[in-house]
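The block underneath contains the structure these notes are about, expressed in structure tokens.
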Amino acid sequence: MPIQRHTDQAYRLTTLTAIGELTPDELMKVVESFKIDPPELNILWDFRKAHPSRSFGVESSAHPQE
């Protein structure tokens, strides 16, 4: 899964880091997992190392297709 989850209970922070190609289904799986394993009070989504798949319907200029 290209989304890694890290929890820092001292700061009540859940960090979700997306890496590589990301699909809407993968994103929704993480959000759905919150029902079973709720995140901390604060949530930080880090998409700096990710790029959207074509199924998002957007072309990313930061990661041109070759």
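So for the sequence shown, this note's numbering puts the first residue at 333; every next one is plus one.
We treat Cβ as the ideally placed atom computed from N, Cα and C, and that holds for glycine.
My understanding is that leucine 337 touches glutamate 372, with C-beta atoms under 8 Å, so please give their C-beta distance in whole angstroms. In the sequence as displayed, the identity of residue 337 is arginine instead of leucine. In this structure arginine 337 does not touch glutamate 372 by the C-beta definition: roughly 11 Å separates them, more than the 8 Å allowed.
Taking Cβ positions, are proline 370 and alanine 350 nearer each other than 7 Å? no
How big is the Cα-Cα spacing for arginine 423 and threonine 339? As shown, the chain starts at 333 and ends at 398. That puts residue 423 outside it, with no answer to give.
If you compare alpha carbons, which of Leu354, Thr347, Asn374 and Glu364 is closest to serine 387? Leu354
Distance CB(isoleucine 375)-CB(threonine 346) smaller than 7 Å: Note that the C-beta distance between isoleucine 375 and threonine 346 is below 7 Å.
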